[in-house]
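Engineer: My questions all concern the structure below.
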Amino acid sequence: MLNINYKKLLLKKNKIPITCLTAYSKPTANLLDGKVDLILVGDSLGTTLYGMKNTRGVTIEMMKNHGKAVVKNTKSSMTIVDMPYNTYRNKREALKNAKELIAFTKADFLKIETDKKNIQIVKYLSDNEIKVVSHIGVTPQKFSDFKKIKSVGKQTKDAQRLLNLAIELESAGSKLIVLECIYETVAKKITNILSIPTIGIGSSKYCDGQVLVIDDILNFNSNIKKPKFVKHFTNIEENISKAINNFVKSVKKKKFPLRKHSYK
Ligand code: KIV
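Count along the sequence shown starting at 1, add 3, and that's the number in this note's numbering.
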């Protein structure tokens with residue numbers, strides 16, 4: 004059982020890979036707690052849980068409710084909650100929403116999708132004692148159509164832009180940085196140059212840690228086409244389908260419920 008804190012996370016940098024998976028509910032939080040270092044209540048819940056086309060329809064209320072359910076059921080891992088689309092467009096809006104999310108969920112960190120334009124927001128939140136995780140590279144809130152998502156950092160200019168951005172975000176106070184779909188050589192450079200841990204998703208083994216969406220490793224929602232960086236570690240739908248078929252069969256054959264399932 005892990006009992007993780009930020010100091011321990013920093014000590015893992017360049018030594019022991021950091022693990023992170025998403026959770027949106029109590030049962031998943033219970034399963035992950037103490038097994039992964041970080042539990043992310045990602046706004047990916049918009050697509051995975053609510054069936055939205057992208058993450059732009061996710062509201063602060065959704066993140067508050069799912070965030071609270073997860074954090075309340077996490078004792079040993081650290082927790083991150085995503086700030087949803089259009090909730091951090093300026094310093095005032097960002098701080099108001101960040102304070103509300105932290106007060107309601109009690110999460111350890113808030114994650115925001117960052118580019119050159121909102122480095123000052125990261126700084127403002129950090130100066131106001133919000134522990135910020137920055138997310139760079141492919142930032143899904145920019146996309147209304149996920150089919151248009153492509154890896155970044157191949158061209159020298161883009162690679163330099165990402166490197167500079169990561170350095171500035173560390174100076175602005177970011178505690179961790181998520182690198183999404185960034186070319187291997189660039190992810191490696193960023194990881195080597197920063198003192199804070201990098202958590203990669205589709206950004207190679209050279210990051211300090213790895214994050215994936217839990218539904219993806221379980222191969223839940225298998226009808227949705229997954230990006231190249233996803234690996235299915237099991238096929239949960241087979242088990243669920245078996246259980247559903249067995250339930251239906253049992254009810255139809257009057258084999259369920261039995262006496263022991265009834266109140267007399
Ligand atoms: O929303 C999310 O789940 C994420 C991760 C996949 C990094 O941002």
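Every residue gets a Cβ at the ideal spot worked out from N, C-alpha and C, and that includes glycine.
1. Taking the DSSP output, what are the residues bridged to M65?
2. Where do the N-terminal and C-terminal ends of the alpha helix (DSSP H) with K114 fall, by residue?
3. Just grab the DSSP bridge partners of I152 for me.
4. Which complete beta strand (DSSP E) runs does the stretch 200–228 hold, if anything under 3 residues is left out?
5. State buried or exposed for Q1, treating a residue as buried only when at least 16 other CB atoms are found within 10 Å of its CB.
6. Just checking my contact of N89 with N33 at CB under 8 Å: how many whole Å lie between their CB atoms?
7. Enumerate in chain order the residues of its own chain whose CB-to-CB distance from N100 is below 8 Å, with the five nearest sequence positions on each side excluded.
8. Given the structure, does I204 come close to the ligand KIV, in the sense that its CB is under 8 Å from one of the ligand's heavy atoms?
9. Quick check: what's the CA-CA separation for V74 versus M66?
10. Report the three-state DSSP secondary structure of A85 (helix, strand or coil).
Structural biologist: Reading it off the structure:
1. Its beta-bridge partners do not exist; DSSP assigns none.
2. Under the DSSP assignment, K114 falls outside any alpha helix (DSSP H), being part of the beta strand (DSSP E) whose first and last residues are 112–116.
3. None, per the DSSP bridge assignment.
4. You should have 201–204, 212–215.
5. No answer is possible for residue 1: it lies beyond the span of the chain, which begins at 4 and ends at 267.
6. About 32 Å separates the Cβ atoms of N89 and N33, ruling out a contact at the 8 Å cut-off.
7. Closer than 8 Å at Cβ, skipping near neighbours: I63, M86, T90, Y91.
8. At least one heavy atom of the ligand KIV lies closer than 8 Å to the C-beta of I204.
9. Going from the Cα of V74 to the Cα of M66 covers about 11 Å.
10. Residue identity differs from the one stated: residue 85 is Asp in this sequence, not Ala. Reduced to three states, the DSSP call for D85 is strand.
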